[in-house]
Each structure stands twice: as structure tokens, then as C-alpha cells.
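Q:
4 protein chains.
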Amino acid sequence: MPSEKRKKLDEEKKIKTKNNLINSAIEIFIKKGYHQTNISDIVAFANLGQGTFYRNFRSKREVFEEILKKMIQELIFEFSDGNLNINNMPKSFDEYKDKSIKSFLKIIPIIKKNKKIVILFFRDAPTIDKEFEQEINDIFEQFSSIAQYYLDHAIKQKFIRNCNSSLVAESIVGMGIQHIKNWLHGKYSDSEIEKIVIETNNLIFLGLLTPSV
Amino acid sequence: MPSEKRKKLDEEKKIKTKNNLINSAIEIFIKKGYHQTNISDIVAFANLGQGTFYRNFRSKREVFEEILKKMIQELIFEFSDGNLNINNMPKSFDEYKDKSIKSFLKIIPIIKKNKKIVILFFRDAPTIDKEFEQEINDIFEQFSSIAQYYLDHAIKQKFIRNCNSSLVAESIVGMGIQHIKNWLHGKYSDSEIEKIVIETNNLIFLGLLTPSV
Amino acid sequence: MPSEKRKKLDEEKKIKTKNNLINSAIEIFIKKGYHQTNISDIVAFANLGQGTFYRNFRSKREVFEEILKKMIQELIFEFSDGNLNINNMPKSFDEYKDKSIKSFLKIIPIIKKNKKIVILFFRDAPTIDKEFEQEINDIFEQFSSIAQYYLDHAIKQKFIRNCNSSLVAESIVGMGIQHIKNWLHGKYSDSEIEKIVIETNNLIFLGLLTPSV
Amino acid sequence: MPSEKRKKLDEEKKIKTKNNLINSAIEIFIKKGYHQTNISDIVAFANLGQGTFYRNFRSKREVFEEILKKMIQELIFEFSDGNLNINNMPKSFDEYKDKSIKSFLKIIPIIKKNKKIVILFFRDAPTIDKEFEQEINDIFEQFSSIAQYYLDHAIKQKFIRNCNSSLVAESIVGMGIQHIKNWLHGKYSDSEIEKIVIETNNLIFLGLLTPSV
DNA sequence: CATGAATGAGGATTCATTCAT
DNA sequence: CATGAATGAATCCTCATTCAT
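Protein chains in written order, with the working numbering: chain D, 1 to 213; chain V, 1001 to 1213; chain U, 2001 to 2213; chain A, 3001 to 3213.
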């Protein structure tokens, strides 16, 4: 018959330990790569015994999955929320351009909060196994689909020129990924990000043409 | 005393064996991923003994390196050849647009020839070790630099609008990567590629603006 | 300062906890076998903490030993009591036959009371370690010795035919073990046991010969 | 392309190694018991590397299974062969007694050849897991069934007295097991066995009655 | 006294690599 | 030169046991 107090303390301790392990895992995964990481690396960094790892996770894959799943859910939730409201579509070229920027900016804070995890997402996740590879690809495709939906709508309304919306959507996703990777690898500072979004958005909407007056 | 003929035959056989191993390695790397691949998988697929592998390569990394290096050299050679001729720069917006397409088209056949290797290049190579990760990043940066060089030139000549050439170059590389990946994973057929290059080039140069007649 | 009453309650509780652990251990030992059983299985079944186990027993072997020893002592005590009274030996073939049945029937209630433990005695105990293996064998030998003593006596008195008493004693023990095992594994119902004892005793004393009227 | 000769030599070597492992396993299983035996014990005794064990067996259970299965098959084959020929049943009390001895004697050489394995069969096999426990029980039951079949037949022909054939069959199996165990544990020498079979058979058929001249 | 989180020694298992044939 | 059996270091993983609360 453990006291309520005792139970709560144990609970807290367990959560702390698990978080410790998760953070250590992220650190080592980043530094050595998922495949080069041993359980012993993780527990050594966390200052815990080997057994403690296995009390909390069944395997290396499981920690990795837990780390990523949490971030992905946040991303999906945050991004889908409020988006694709069919009754609230932009009503001009400029509104589209604006909406586009806003969408990009929505992702920024999530990535900023999870920088290391996103690095793992891009680099290691597709090499864990087929299941993970598929899941990562699906996520990219979701973003691409949303982009395409807007493009199709804009084309129909003649707000933008006629184009192969699917291809353009892929191009947009590609740009996004490239810039996120650069950012994560320290090529851009956090404060520049907004500027970069605007520049990139300009490229998408205006191209490289010298504006005709 | 082996005759000349015998020597030559042995030589040929050895090369055949090595190619057999390389092709098997590619096949298994693709199917299972570099890290999930064992030497025993490779030699089983090649119908050779374990020892034969170690007669030809020092380790798994070495096969992978050899596979990739060959493709990368080809890519670098093919692409740099004739490029960046300072005396032969485009002389108008349209010439730039054209030059851009031609540059893209130069890469196409190399990728077409090495589809499987390029998949490994994108997915697995950055996870082998730090050295490989760096090398892959360097290659992207090279492409980005070339693009930036042209952009800077075009801006100076006022053939294109003033823009952050570095960022735009990264965007272009990002689009390229995205489309190559899609292609490699079977989303585009080989015959569509040219069309895709043109569409993407249009996006870069013209954006999404409805052309003002 | 704990009151007498409190002390007694604590004492009772402790005994209850220990019995709980013992019963859980028996249950799990039976179900999974001694070697496949973990301490964690036992405490989970008992709804107690891991530590509580080690408060009551030094190890898994110790619980097992405690469980068995209690039963064995009971068996030895019950059986030796009143037996082998040199002044009270049977005085005819029929008295021997009768005495034999009575001896068997003495063991029955002890086994009935400890069915699960006896299963462990037969199956698991000889595989714990050499010491246990020896102990189990000794017990069988004790029974065998007693049987042999009676047989020798009966032979000397010419109540039974001349035979190798040692071998016959072993045969009798073997039959006994076999029927006990069958009973424990549910092949005989409790109510049949007396009948089985009689049948088996008949076999020992009369064999399979058709009685010559 | 390995030569035929090479292939054969390799094959032989592999078989030798596997037999070495099997024999070591038997030795250690006997000495320490199945559950106390580690793979490292087995390979140390066999003077082989740890890996070599795993090239030949998936687990400790698998060696044990292989060891036992071979012996069991031999036993079943040898015993069922020629037995239970419905057209060749004994035709008198004495023929039954004789047939019974012959049946026992059939098992002797198989056990003599596999003494150590039979020890494992009796002691360790029922504690490996439920599957093994069942299999061992099934084998006993097979022997018991055969015995019962003969008994029923003999009863119908009035060659033996009316009795509960099922119980008597179990008694016979029990005696057999007991004597085999004694033999295996060195209580009987190999040369005594025949005598023991005869004595035991006499007990079954004649009981302990003083023969009426 | 009871608890269960944490531990780490011990054993299982894999697989790159060697080497005798 | 080719082979594949053998190897054992490296790593995974379990679970009896401890101990702070």
C-alpha cells in the first residue's frame, strides 16, 4: 500500500528519467548519427544504467520513434489547424502571396523549438527502415498536396498564371526543405528566417523577372 | 608460368567478379538500406563467398564509397565541363533562361544512368559518417555556388531583378533535389523529365504571375 | 511505542504477506515452471512490490525450498510415524497385503492437500541444482527402503515368494510415482484414488494370473 | 566455383563441428542441468568460438531439441516396428509373459546407446517449456497405450485375470521408468539389466504370491 | 515496513573479418 | 585466386538485487 505521496514522487522521478534519456538520445543521435549510436552511449550521457534504458524503451528504434512522433504530431496539428478552410480562400494574387507567407511562418516556430529533432527527421529517419521512410515521404506529400490545392484554386480564379500545379507544389516544397536544412545547419540565423521566407515567396510568385515598372 | 592469354583472362574475370559485387551491393543497399545491409547479404546475392568480398574491398564502407565516388566524379566532370566560361555568359534574360534549362538537362542523363546510386546518394550517404555527410553537403554547395555565380552576373547586367542571389540559388537547388527525388522514386517517367525541367525553369524565371499579355 | 496490539497486528500482516508470496510463487511455478519464473512474475501476482519479496526471501531458490521443505517434512513425519514397528509386523500374506494398502492410503491425504507442490516436487525440484536433485532421490530411496524392509521380512516368513526385494521395492515405488503423477495431472479424480490403490496393490501381490479358483 | 573436393571437405568439417557441439552440450547439460548451462559453457568444452554455436543452432533450446528428437525418433521407430501386429498376438499366459519381456528388451539397447540423453529426457525435458512437457507426457502415454492394448486382448482371451487394464498399464510404465532411472544413475550395471527385466516381468505376471507348487 | 525505480553483472547474439584448404 | 567455416569483439538485453523514499 504505497502512499499517494510516494506514488506521485515515483511517477515524477520516472518521467524525469525518461526525459533525461530522450534528451540524451537526441544529443547522441545528432552527434553520431542514429546508426552509429549505441544504447551504451545514450545511458552514459544520461548518467544512467543500461537497464534503465530498457525500463523505458524497448529498443533504440522506439526512442527514435517516440522522439520523432511527438514532433510530427505537433507539426501536423499546428499546420492543418485552420488551414484549407474552403470558405476562406484568398481573393487576389496579393492575398495568395500573403497567405503563402503566413503558412510558411506557421512552421517556423515548431522547427525552431525542435531544431535537433528536425535534423534527425531529415537525415536519419529515412534510413531507419521502410516504414519510417514511407512515413517521412508521406509527410512531404501532405505539404505538397496542400500547396497544390491552393495553386489549383488560384489558377481557376485566374489569380496566377496557368501552370502544372503539381510540379509547382513540389518545387515549393523542395525550396522549403532546402532552406530549412540550411537553417538547421547554421547557415541562417534565427533572426534572418522571416526575411528568407519573404525572399523565397517572392521567387515563387514573381520569379526573377525585372518588374515592369 | 601463366601465358599472356591466361593472365588477361584472369584479369577479366577479376573485374567481372568485382562488378558483380558492386552491382549486388547497389541492389541490396537500395532494398535494405546501407545500415541494414550485411556483407553476407551482398555475397549471397552475388553468388560469391564471403572471402571474395574482402579480396575486393576492405569493408562495407569501401564498396559504398567506390560506388558513389564513381558517380560523383562523373557528375562533377560532366557538369563543370564547359560551364562557367567567363567569356561565354548569356547576354539577355532569355539567354539566361535558356542557359539554365541547358544546365539542368546536362545532369539528366547522368542521373538516368545511375538512378539507384543517386537514391543511395540522397538517402544513405549522409548517414554513413561525418566525412560522407560533409562531402554530400559540399556537392550541393558547389551546385549552389554555380547558380549563384550566374545569378549575380545576371543581376549586375540587370537581366533579372535584384534579389538575394544566395538564397535564390539555394531555392533552385532545393527544387532540383525535390524533382530528382520524385523522379527516382518513380513519380515521373523518364519521358516527362524535359517537360518538368521547362516548367520548373519557368517558375524560377517567371514566377506565378499572370503574364501581362 | 507500539502497543502490544499493534505489534500483534503487524506480525499477522507480515505472515499474511509471506503466505501471499508463497501462494503466488506456487501458482507461477506451476504455470511457467521454476526456471521460467521471475521474481517480478511472483510479486505481480501477489500484488506486492519487488522489494517485499526480498524482505521475505533471499532468493527464488529460497521460496522454492521453503515451499517444498514444508511439504516434505509433513510427508516424512506422517509416513514414518507408527511405521516400521518391528513388533507389529503383519503375520500373513493377507495382512501384508492389507498393511501395504494402509501405507499407501496414508500418503494420499498429504498429496491431496499439497497437489501443486507435489507437481513441483516431481517436475522442477530435480532441476534446481545438484543438492535438490540429491534430496529428491533420497526421499524416493527412503520409501524404497521401507518397502524393501517389509518385503524381506515377508520373504523370510515365507508369506510371499522368494524375490529380489530391492528390485521389487523399486517397482512398487515406480508404480506409486506413476499413479501419483497421473492423479496430479488430472487423469484420476480424487474419489477414484482408493480404488486405484487397491487395484495396484492387487497387481503387486497377485500379479495378472487368473486366480486358480 | 569451389571444387567438389573442397565442398566435401567443408561439409565434413561442418558436420564434425556440429557433432562436437552436440556432444559438448550433452556433457554439460548432464553435469550442470539444462537451465544452469550457458552457451559459453558448451563452446568452451567444445573448444570453439561463441559464434560457431550460433552458426549451428539458433538457441540452447534448439540443441536440446535436436539431441532429444533424434533419440525419441529412434525409440519410437524401433519400438513400434513389428509391434501391435494384430495377427500375431500371443496365444497363452506364457506367450504373453514372453512377449512382454521381449518388448522390454527392445528398448534396452536404445537406452544403453543414449544413456546421457535419456537422463536429460527424464530430468530436464519436462522443464524446458510446456511444449516439451507435453511431448514427454505423450511418449509415456504411447507406451502405456500399447501395454493396455495387450492387456485388454489377454483379458478377453482369459489368459490373464480380469483387471483394470488402463491402471495396470500405467503401473507397468511406472515400474519401467523407475528401473530405467535407477540404471541410468548407476544403480544397476549394464549386465544386470536382463535379470531385472525378468524379475520385474515376474512381478507383473505372478505378483508376490508363493507359487502353489 | 513497503515500495518500485534504478542498477549492472551476466549471458545471448550478431557479424565483420580472418585464414586454412 | 576463391572459399566459407570459424572466430570473438562488440553490442544487445534481461533480471535478480539494492536502496532511497
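Just so it is clear, CB atoms sit at the ideal spot from N, CA and C, and this is done for glycine as well.
This structure is a prediction, so every number in the text was calculated from the model and none was measured.
With DSSP collapsed to three states, give me the class of threonine 1127 of chain V.
A: Your numbering for residue 1127 of chain V matches position 127 in the second sequence. Here threonine 1127 of chain V sits in helix by DSSP.
Q: Can the beta-carbon of lysine 3181 of chain A be found less than 8 Å from the beta-carbon of phenylalanine 3122 of chain A?
A: Residue 3181 of chain A sits at position 181 when you count from the first residue of the fourth sequence. Residue 3122 of chain A sits at position 122 when you count from the first residue of the fourth sequence. In contact: lysine 3181 of chain A and phenylalanine 3122 of chain A (Cβ atoms closer than 8 Å).
Q: Kindly say whether lysine 207 of chain D, judged by its beta-carbon, lies nearer than 8 Å to any beta-carbon of chain V.
A: Mapped onto the first sequence, residue 207 of chain D falls at position 207. Position check: residue 207 of chain D holds glycine in this sequence, whereas lysine was assumed. Yes, contact with chain V.
Q: Could you tell me the distance, in whole angstroms, from the CA atom of arginine 2161 of chain U to the CA atom of threonine 3200 of chain A?
A: The count along the third sequence starts at 1 and reaches residue 2161 of chain U at position 161. The count along the fourth sequence starts at 1 and reaches residue 3200 of chain A at position 200. Approximately 14 Å, taken between the alpha carbons.
Q: Counting beta carbon pairs with one atom in the stretch 2019-2035 of chain U and one in the stretch 2093-2105 of chain U, are three or more of them shorter than 8 Å?
A: No, because fewer than three Cβ pairs between the stretch 2093-2105 of chain U and the stretch 2019-2035 of chain U fall closer than 8 Å, the two stretches do not touch.
Q: Quick one: using the 10 Å Cβ neighbour count with 16 as the cut-off for buried, is asparagine 1087 of chain V buried or exposed?
A: By one-based count along the second sequence, residue 1087 of chain V stands at place 87. Burial call: exposed.
Q: Report, in whole angstroms, the separation of the C-beta atoms of phenylalanine 2053 of chain U and valine 2043 of chain U, which I expect to be a contact under 8 Å.
A: Working through the third sequence from its first residue, we reach residue 2053 of chain U at position 53. Working through the third sequence from its first residue, we reach residue 2043 of chain U at position 43. At roughly 5 Å, the Cβ-Cβ gap stays under 8 Å, so phenylalanine 2053 of chain U and valine 2043 of chain U are in contact.
Q: Roughly how many angstroms separate the alpha carbons of methionine 1001 of chain V and lysine 1018 of chain V, rounded to a whole number?
A: Taking the first residue of the second sequence as 1, we reach residue 1001 of chain V at position 1. Taking the first residue of the second sequence as 1, we reach residue 1018 of chain V at position 18. For methionine 1001 of chain V, the predicted model reports a pLDDT of 46, less than 50, meaning its position is unreliable; a value from the coordinates is still stated below. About 25 Å.
Q: Report buried or exposed for glutamate 170 of chain D, applying the criterion of at least 16 other Cβ atoms within 10 angstroms of its Cβ.
A: As a working note, residue 170 of chain D is residue 170 in the first sequence. That one is buried.
Q: Roughly how many whole angstroms lie between the Cα atoms of glutamine 3127 of chain A and leucine 3068 of chain A?
A: For the purposes of this step, residue 3127 of chain A is taken as residue 127 along the fourth sequence, with counting starting at 1. For the purposes of this step, residue 3068 of chain A is taken as residue 68 along the fourth sequence, with counting starting at 1. Checking the sequence shown, residue 3127 of chain A turns out to be threonine, not glutamine. Each residue's Cα considered, the two are about 14 Å apart.
Q: Thinking glycine 1174 of chain V and histidine 153 of chain D are a contact (beta carbons under 8 Å), I'd like their distance in whole angstroms, please.
A: Start at 1 with the first residue of the second sequence, and residue 1174 of chain V comes out as number 174. Start at 1 with the first residue of the first sequence, and residue 153 of chain D comes out as number 153. Not confirmed; about 24 Å, so no contact.
Q: Determine the closest residue to isoleucine 26 of chain D out of D/Gln73, D/Ala125, D/Asp129, with distance taken between C-alpha atoms.
A: The residue labelled residue 26 of chain D in the question sits at position 26 within the first sequence. Isoleucine 26 of chain D has its Cα closest to that of D/Ala125, out of D/Gln73, D/Ala125, D/Asp129.
Q: Since glycine 207 of chain D and isoleucine 1204 of chain V should fall inside the 8 Å C-beta cutoff, what is the C-beta to C-beta distance between them, to a whole number of angstroms?
A: Translated into the one-based positions of the first sequence, residue 207 of chain D becomes position 207. Translated into the one-based positions of the second sequence, residue 1204 of chain V becomes position 204. Confirmed, Cβ separation roughly 6 Å.
Q: Check isoleucine 3086 of chain A in the structure and name its three-state DSSP category.
A: The sequence position of residue 3086 of chain A within the fourth sequence is 86, counting from 1. Three-state DSSP puts isoleucine 3086 of chain A in coil, outside helix and strand.
Q: Here's the rule I'm using: 16 or more other beta-carbon atoms within 10 Å means buried, otherwise exposed. How should glycine 3176 of chain A be labelled?
A: In the fourth sequence, counting from the first residue as 1, residue 3176 of chain A sits at position 176. Classification of glycine 3176 of chain A: buried, given that the 10 Å Cβ count is 16 or more.
Q: Under the assumption that aspartate 3190 of chain A contacts lysine 3112 of chain A (Cβ atoms under 8 Å), give the Cβ distance between them as a whole number of angstroms.
A: Here residue 3190 of chain A refers to the residue found at position 190 of the fourth sequence. Here residue 3112 of chain A refers to the residue found at position 112 of the fourth sequence. With a Cβ gap of about 6 Å, aspartate 3190 of chain A and lysine 3112 of chain A count as contacting.
Q: Assign glycine 1207 of chain V to one of three DSSP states: helix, strand, or coil.
A: Counted from its first residue, the second sequence places residue 1207 of chain V at position 207. Three-state result, glycine 1207 of chain V: coil.
Q: Using beta carbons (cut-off 8 Å, strictly below), is threonine 1127 of chain V in contact with chain D?
A: Here residue 1127 of chain V corresponds to residue number 127 of the second sequence, with the count starting at 1. Interface residue, yes.
Q: Which same chain residues, not among the five before or five after isoleucine 1039 of chain V, have their C-beta less than 7 Å away from its C-beta?
A: The residue labelled residue 1039 of chain V in the question sits at position 39 within the second sequence. Excluding sequence neighbours, isoleucine 1039 of chain V sits near Gln1050, Phe1053, Lys1060.
Q: Would arginine 1061 of chain V pass as an interface residue toward chain D - the criterion being a Cβ-Cβ separation below 8 Å?
A: By 1-based counting over the second sequence, the position of residue 1061 of chain V is 61. Judged by the 8 Å Cβ criterion, arginine 1061 of chain V is not in contact with chain D.
Q: Roughly how many whole angstroms lie between the Cα atoms of isoleucine 1193 of chain V and glutamine 1134 of chain V?
A: Locating residue 1193 of chain V in the second sequence gives position 193, where the first residue counts as 1. Locating residue 1134 of chain V in the second sequence gives position 134, where the first residue counts as 1. Straight-line Cα distance between these residues: approximately 29 Å.
Q: For glutamine 2157 of chain U and isoleucine 3196 of chain A, what's the separation of their Cα atoms in angstroms?
A: Numbered from its first residue, the third sequence carries residue 2157 of chain U at position 157. Numbered from its first residue, the fourth sequence carries residue 3196 of chain A at position 196. Going by the C-alpha atoms only, they are around 24 Å apart.
Q: Does any residue of chain V bring its CB to less than 8 Å from the CB of histidine 179 of chain D?
A: On the first sequence, residue 179 of chain D is found 179 positions in, with the first residue counted as 1. For histidine 179 of chain D, the answer is yes, since a Cβ of chain V falls inside 8 Å of its Cβ.
Q: Taking isoleucine 3110 of chain A and glutamate 3141 of chain A to be in contact with their CB atoms under 8 Å, please state how far apart those CB atoms are, rounded to whole angstroms.
A: What you label residue 3110 of chain A is simply residue 110 of the fourth sequence in a count that begins at 1. What you label residue 3141 of chain A is simply residue 141 of the fourth sequence in a count that begins at 1. Isoleucine 3110 of chain A to glutamate 3141 of chain A, Cβ: 18 Å. No contact.
Q: Below 8 Å on the Cβ atoms is my guess for isoleucine 28 of chain D versus phenylalanine 45 of chain D; work out the distance and round it to an integer in Å.
A: Residue mapping note: residue 28 of chain D aligns to position 28 of the first sequence, counting from 1. Residue mapping note: residue 45 of chain D aligns to position 45 of the first sequence, counting from 1. Yes, isoleucine 28 of chain D and phenylalanine 45 of chain D are in contact; Cβ-Cβ is about 6 Å, under 8 Å.
Q: Let me know the secondary structure DSSP gives asparagine 1114 of chain V once reduced to three states.
A: As a first step, residue 1114 of chain V must be located in the second sequence, where it is residue number 114. In the structure shown, asparagine 1114 of chain V sits in coil (DSSP, three-state: anything other than H, G, I, E or B).
Q: In angstroms with no decimal places, state the Cα-to-Cα distance between alanine 3147 of chain A and isoleucine 3172 of chain A.
A: Mapped onto the fourth sequence, residue 3147 of chain A falls at position 147. Mapped onto the fourth sequence, residue 3172 of chain A falls at position 172. Approximately 8 Å between the Cα atoms of the pair.
Q: Tell me where the alpha helix (DSSP H) around glutamate 1004 of chain V begins and ends.
A: Translated into the one-based positions of the second sequence, residue 1004 of chain V becomes position 4. Counting along the chain, the alpha helix (DSSP H) containing glutamate 1004 of chain V begins and ends at 1004-1032.
Q: Under the three-state reduction of DSSP, which class applies to methionine 1001 of chain V: helix, strand or coil?
A: Counting from 1 along the second sequence, the entry for residue 1001 of chain V is found at position 1. Model confidence at methionine 1001 of chain V stands at a pLDDT of 46, short of 50, so the residue's coordinates are unreliable; what they give is reported in the following sentence. Here methionine 1001 of chain V sits in coil by DSSP.
Q: For lysine 3158 of chain A, which three-state DSSP category applies?
A: By one-based count along the fourth sequence, residue 3158 of chain A stands at place 158. DSSP places lysine 3158 of chain A in coil when its eight states are reduced to three.
Q: Can you pull out the residues from the stretch 186-207 of chain D whose beta carbon lies closer than 7 Å to at least one beta carbon of chain V?
A: Flagged, chain order: Ile196, Glu199, Thr200, Leu203, Ile204, Phe205, Leu206, Gly207.
Q: Taking lysine 2158 of chain U as the query, report the chain A residues whose CB atoms sit under 9 Å from its CB, ordered along the chain.
A: The residue given as residue 2158 of chain U occupies position 158 in the third sequence. Correct list: Thr3210.
Q: Can you find a CB in chain A that lies within less than 8 Å of the CB of aspartate 2124 of chain U?
A: As a first step, residue 2124 of chain U must be located in the third sequence, where it is residue number 124. Closer than 8 Å to some Cβ of chain A, the Cβ of aspartate 2124 of chain U qualifies, so yes.
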